[in-house]
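Colleague: Can you read through this structure? Questions will come right after.
Protein chains: 2
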Amino acid sequence: MFIKNRGELMRFSGASLLVEALEAALEAADPYRAVLRHVKRVGDEVEVAGRRYFLSGAVHVMGFGKASLKMTQAVVDVLGDAVAGGVVISPVGGGRVGPVEVLRGDHPIPGEDTLRASQRLLQYLESVGPEDLLFVLISGGGSALFEAPEEGVSLRDVAWLTGELMKRGADIVELNAVRKRLSRVKGGKLLRLIKTRRVVSLIMSDVVGDRLDTIASGPTAPDETARKHAVAVLRRYGLWEEMPPDLRSAVLRSPDTVKPGDPHLERVHNVVVASNLQSLLAASQHLADRGYNVVILSAALEGEAREVGRVLASAAKSAAWFGHPAKPPAALLAGGETVVRVRGRGVGGRNQELCLSFAVAARSLPVSAACMGTDGVDGNSPAAGALVDGYTAEEAEKAGLNPLEHLDNNDSHTLFHKLGRAIYTGPTGTNVNDIFIALVYKT
Amino acid sequence: MFIKNRGELMRFSGASLLVEALEAALEAADPYRAVLRHVKRVGDEVEVAGRRYFLSGAVHVMGFGKASLKMTQAVVDVLGDAVAGGVVISPVGGGRVGPVEVLRGDHPIPGEDTLRASQRLLQYLESVGPEDLLFVLISGGGSALFEAPEEGVSLRDVAWLTGELMKRGADIVELNAVRKRLSRVKGGKLLRLIKTRRVVSLIMSDVVGDRLDTIASGPTAPDETARKHAVAVLRRYGLWEEMPPDLRSAVLRSPDTVKPGDPHLERVHNVVVASNLQSLLAASQHLADRGYNVVILSAALEGEAREVGRVLASAAKSAAWFGHPAKPPAALLAGGETVVRVRGRGVGGRNQELCLSFAVAARSLPVSAACMGTDGVDGNSPAAGALVDGYTAEEAEKAGLNPLEHLDNNDSHTLFHKLGRAIYTGPTGTNVNDIFIALVYKT
């Protein structure tokens, strides 16, 4: 369904169940299905994650992010004629989904397209009446695709600062602390531009931890950072002195973001419709239904991929030898996003490196495992991830491939491709980070 | 009790429960208590881990390892007059425990003392009659403390090969594959020198995974390796060609080790009386009794200490944010042995590095954690481990200490000592590897 080479993978031990579990995870992360799972029409009402809204006024749709198109399609399919119109921004753009305009924005650095599309979106928002129902569809990439700079700030300023901070190693939380000062819509400020009190934000989380203030810079969420945090970040990366003086003063006099407790927040129901945890839970359910003792070790995994692979292998060993963290047949799951310090010149990615390191550490263990990026793209490789077991290291050696050399050369994909163990999905159009599953068998 | 500075640690959040749990783990690892827990006198019988032995013939004690003294004391205390005599080898030696002689052996490289003590022990063994009960007390270091080379092999040969293999990076399994060929007692061969069919081996495991064939080279356990494995290891590390020809031929014509299914194995009841898992379970029980939801993530932990710290922090984050792997109040435990690639010149060890890395990654999290070596010695520091929480990184910064610099300089102990967060036990006289505990609080 999602995995293109599933047939070829089936010759490996454990592949069938692993592939099914991965597809359950991908299905949970699919933007169209994620919206359908959370939004139901019940007669004259629409139910969203336990809350009901009368379809009395018009229904409008706005959105921004890489999953805009599919999310919009789902809302339109569920609500049909009730949808009056809307504007969404996506990296592709052009055309309509039902009555909703789809505009193109820029990603990952905001440019003229983002500015134009965002202005059109904000203009549309003025037509949304105080009793109307407004769906805000938020997904990864939304920070760059939707932007309206604060007064005195140009988009060029935003792009320059964003680019410099990324180059200098700022993380997503630091980046957002700055972006929220320069923007009229981030940090909950979008809510101030909305007249209706009936706002439903459907959110696809591509951020480990699912922090609402971080996903797409939290346009409808409370913000815990303040001006002083932004200044501290700019100083930390040596940008405060380099900035043009008028940009510095724009940061200093930027209107405050929406803080926890702000009455504007009562207007909005923020619902995370897809996340790493939801995908892990979908895979868990599939495995539990088949008799596996399931543990989610972490839904916030981080660290150097090859080291994380060893730690996950140590949990699999412990399950096999000691019955902890779970008795075999056990399924150990983890999700999040690891990193790779690139030292070699090979073809691979964090998921395949994690798998290869796991395979080396889990040699001879009664285990099979898979790791994949839910976006379908692992590093500089054409694969999404890989599938391994306790005999994969030996299998590689018999094929004349040295697993440790491939690890050291960041060349995991070359090895897995040769063994037929790479998982191919192509770009999935979604991203809830990475999923790891290990099955530990009874012996 | 075990932790000397427990009073000073009490001012930190979570310290009281963490210290109690660590002491439960240390108590489970104490050789004297470990033997007492597994060996009970019941009238005319002695019960060992579910099996009963009549005290009809004489009871003899033999043993080798760093915990020999304490283990012998426990057997003598439980069985009193029933113990007829025995010989045990320890790194200290000299004197007696009740009727049991204590001799000195060499550690970590076997020398003349080991040879002499081992000959005396084997001589004593000849006096053990076919109906007598023989306790074999095995603990860490036993491989070097007890050795009787095969015919045609000198102790110098054994010491040289052992030293070279260690220098060239062979692991414990590889080392043992070779040592078992050169020895008359390793790889189960000791059983061939014992006349009685009533042998109880009490084993303290200092090896991750508790493989009986690995602890002290498995003198009373079946061996899965064969001559060809030894040759392969010697070739792998370039020693096969360097070896004197007569040593090479000694390896080739060495008598086979005791294999699974060998009738000699029916004589022995191998009982692991202390292990990393047993210590983790003792700490778990203490925490579960106090309402914590406990998960043992792994009892076979391995990897680079600072990376393992990040992965464990990601599990703590996941518990705090998502309730997986356990709902707060949660206790996440792990045990095993990490490594440190030394790049700096500071004072520290793997346990304190793991703690420091955890503290950095778990910043602001409602968590406290501790990690310690059960032998009481962490790296080149005088501490056993450290105690941290979600505010320790900030605490360090306020004290003018940069956690990342201390990590990069392998200087974790200096930081923890200054913050009063180092855990001091002194050498504990036991070793079941390292114990990590994180408590994740309800918020």
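The listed protein sequences correspond, in order, to chains R and E.
Numbering-wise (our numbering), the first sequence opens with residue 1 and increments by one.
Numbering-wise (our numbering), the second sequence opens with residue 444 and increments by one.
Backbone N, C-alpha and C fix where the C-beta goes; we use that ideal spot for every residue, glycine too.
1) Quick one: is E:H481 near chain R, going by C-beta distance under 8 Å?
2) For R:M62, which residues from the same chain have a beta carbon less than 8 Å from its beta carbon, with the 5 sequence-adjacent residues on both sides left out?
3) Can you tell me whether E:F445 is helix, strand or coil according to DSSP?
4) Taking the continuous alpha helix (DSSP H) assigned at E:L655, which residues delimit it?
5) Taking C-beta pairs closer than 7 Å, name the residues in chain E that R:L277 reaches, listed in chain order.
6) Quick one: which residues of the region 285-298 of chain R get their C-beta closer than 7 Å to a C-beta of chain E? List them in chain order.
7) Name the residue from R:V360, R:H38, R:R421, R:F436 whose alpha carbon lies nearest to the alpha carbon of R:L407.
8) Under a Cβ-count criterion, where at least 16 other Cβ atoms within 10 Å of its own Cβ denotes burial, should R:V208 be classed as buried or exposed?
9) Give me the Cα-Cα distance between R:G303 and E:N736, rounded to the nearest whole angstrom.
10) Below 8 Å on the Cβ atoms is my contact criterion, and I expect E:V535 with E:L558 to pass it. Report the Cβ-Cβ distance as a whole number of Å.
11) Would you call the CB atoms of E:A892 and R:S318 closer than 8 Å?
12) Please determine, among E:F801, E:Q721, E:V714, the residue with the shortest C-alpha to C-alpha distance to E:V754.
13) Cβ atoms of E:A477 and E:A471: under 8 Å apart, would you say?
14) In the DSSP output, what is R:S279 paired with across the bridge?
15) Name the DSSP bridge partner or partners of R:K180?
16) Quick one: using the 10 Å Cβ neighbour count with 16 as the cut-off for buried, is E:N853 buried or exposed?
17) Suppose contacts are defined by Cβ-Cβ distances below 8 Å. Is R:T338 in contact with R:G376 by that definition?
18) Establish whether the CB of E:G746 and some CB of chain R are separated by less than 8 Å.
19) For R:K522, collect the residues of the same chain with a Cβ closer than 7 Å to its Cβ; drop the 5 residues on either side in sequence, then sort them by chain order.
20) At which residues does the alpha helix (DSSP H) containing R:R37 begin and terminate?
21) Considering only the beta carbon of each residue, do E:A881 and E:V810 sit closer than 8 Å?
22) Under 8 Å between C-beta atoms, does R:P325 make it to chain A?
23) Helix, strand or coil: how does DSSP classify E:M453 here?
24) Could you tell me the alpha carbon to alpha carbon distance between R:V388 and R:S205, rounded to whole angstroms?
25) Taking 8 Å as the cut-off, decide whether the C-beta atoms of E:L522 and E:R484 are in contact.
26) What does R:A369 touch in chain E if you count any residue whose Cβ is under 8 Å from its own?
27) Should E:A467 be flagged as near chain R, meaning a C-beta pair shorter than 8 Å?
28) Nearest-angstrom Cα distance between R:G94 and R:I423?
29) Taking Cβ-Cβ distances below 8 Å as the criterion, which residues of the region 820-845 of chain E are in contact with chain R?
30) Buried or exposed: which applies to R:G309, given that a residue is buried once 16 or more other Cβ atoms fall within 10 Å of its Cβ?
31) Please report the residue range of the beta strand (DSSP E) in which E:A829 lies.
32) From the DSSP output, in three-state form, read off E:G585 for me.
33) Identify every run of the beta strand (DSSP E) within the region 372-440 of chain R, keeping only runs that are complete inside it and at least 3 residues long; order them along the chain.
34) What residue from E:K509, E:S570, E:I446 has the CA that sits closest to E:H503's CA?
35) Within this structure, are the beta carbons of R:P403 and R:L419 separated by less than 8 Å?
36) Does any residue of chain E have a CB that is nearer than 8 Å to the CB of R:G447?
Modeller: Considering the structure as presented:
1) For this step, residue 481 of chain E is matched to residue 38 along the second sequence. No, its Cβ sits nowhere closer than 8 Å to a Cβ of chain R.
2) Translated into positions along the first sequence, residue 62 of chain R becomes position 62. Hits under 8 Å: G86, V87, V88, L121, Y124, L125, L134, F135, V136, L137.
3) In the second sequence, counting from the first residue as 1, residue 445 of chain E sits at position 2. In the structure shown, E:F445 sits in coil (DSSP, three-state: anything other than H, G, I, E or B).
4) For this step, residue 655 of chain E is matched to residue 212 along the second sequence. Unbroken run through E:L655: none, as it is neither H nor E.
5) Indexing the first sequence from 1 puts residue 277 of chain R at position 277. By Cβ distance, chain E contributes F765.
6) V295, I296, L297, S298
7) As a working note, residue 407 of chain R is residue 407 in the first sequence. Minimum Cα distance to R:L407 is reached at R:V360.
8) As a first step, residue 208 of chain R must be located in the first sequence, where it is residue number 208. Counting Cβ neighbours within 10 Å, R:V208 comes out buried, since at least 16 surround it.
9) Within the first sequence, the letter at position 303 stands for residue 303 of chain R. Within the second sequence, the letter at position 293 stands for residue 736 of chain E. For R:G303 and E:N736, the distance between alpha carbons rounds to 25 Å.
10) Looking up residue 535 of chain E in the second sequence gives position 92. Looking up residue 558 of chain E in the second sequence gives position 115. Actually they do not touch by this definition, with Cβ atoms about 18 Å apart.
11) Since the displayed chain E opens at 444 and closes at 886, residue 892 of chain E lies outside it and no answer follows.
12) Your numbering for residue 754 of chain E matches position 311 in the second sequence. Comparing Cα-Cα distances from E:V754 to each of E:F801, E:Q721, E:V714, the minimum goes to E:F801.
13) In the second sequence, the residue the question calls residue 471 of chain E occupies position 28. In the second sequence, the residue the question calls residue 477 of chain E occupies position 34. Yes, these two residues count as a Cβ contact at 8 Å.
14) One-based indexing of the first sequence puts residue 279 of chain R at position 279. DSSP lists no partner for R:S279.
15) Within the first sequence, residue 180 of chain R is the residue found at index 180, counting from 1. Note: R:K180 sits in no beta bridge, so no partner.
16) Residue mapping note: residue 853 of chain E aligns to position 410 of the second sequence, counting from 1. Buried: at least 16 other Cβ atoms inside 10 Å.
17) On the first sequence, residue 338 of chain R is found 338 positions in, with the first residue counted as 1. On the first sequence, residue 376 of chain R is found 376 positions in, with the first residue counted as 1. Their beta carbons are not under 8 Å apart, which means R:T338 does not touch R:G376 by this criterion.
18) Position 303 of the second sequence holds residue 746 of chain E. Yes, its Cβ sits closer than 8 Å to a Cβ of chain R.
19) Since the displayed chain R opens at 1 and closes at 443, residue 522 of chain R lies outside it and no answer follows.
20) Numbered from its first residue, the first sequence carries residue 37 of chain R at position 37. R:R37 -> alpha helix (DSSP H) spans 31-38.
21) Here residue 881 of chain E refers to the residue found at position 438 of the second sequence. Here residue 810 of chain E refers to the residue found at position 367 of the second sequence. Contact: yes.
22) You won't find chain A in this structure, because its protein chains are R and E.
23) Here residue 453 of chain E corresponds to residue number 10 of the second sequence, with the count starting at 1. In the structure shown, E:M453 sits in coil (DSSP, three-state: anything other than H, G, I, E or B).
24) Start at 1 with the first residue of the first sequence, and residue 388 of chain R comes out as number 388. Start at 1 with the first residue of the first sequence, and residue 205 of chain R comes out as number 205. When rounded, the distance between both Cα atoms is 28 Å.
25) Here residue 522 of chain E is taken as the residue at index 79 of the second sequence, counted from 1. Here residue 484 of chain E is taken as the residue at index 41 of the second sequence, counted from 1. Their beta carbons are under 8 Å apart, which means E:L522 touches E:R484 by this criterion.
26) In the first sequence, residue 369 of chain R corresponds to position 369, counting from 1. Result: empty, since nearest Cβ-Cβ is about 15 Å, beyond 8 Å.
27) Here residue 467 of chain E corresponds to residue number 24 of the second sequence, with the count starting at 1. No, no contact with chain R.
28) In the first sequence, residue 94 of chain R corresponds to position 94, counting from 1. In the first sequence, residue 423 of chain R corresponds to position 423, counting from 1. Taking the straight line from one Cα to the other gives about 32 Å.
29) none
30) Locating residue 309 of chain R in the first sequence gives position 309, where the first residue counts as 1. Classification for R:G309: buried.
31) Against the second sequence, residue 829 of chain E aligns to sequence position 386. It spans 828-832 - the beta strand (DSSP E) in which E:A829 sits, taken as one unbroken run.
32) Taking the first residue of the second sequence as 1, we reach residue 585 of chain E at position 142. Of the three classes helix, strand and coil, the one that applies to E:G585 here is helix, per DSSP.
33) 385-389, 434-440
34) On the second sequence, position 60 is the one that residue 503 of chain E refers to. With distances taken between Cα atoms, E:H503 lies closest to E:S570.
35) For this step, residue 403 of chain R is matched to residue 403 along the first sequence. For this step, residue 419 of chain R is matched to residue 419 along the first sequence. Not closer than 8 Å, so no.
36) No statement about residue 447 of chain R is possible, as the shown extent of chain R runs from 1 to 443 and does not include it.
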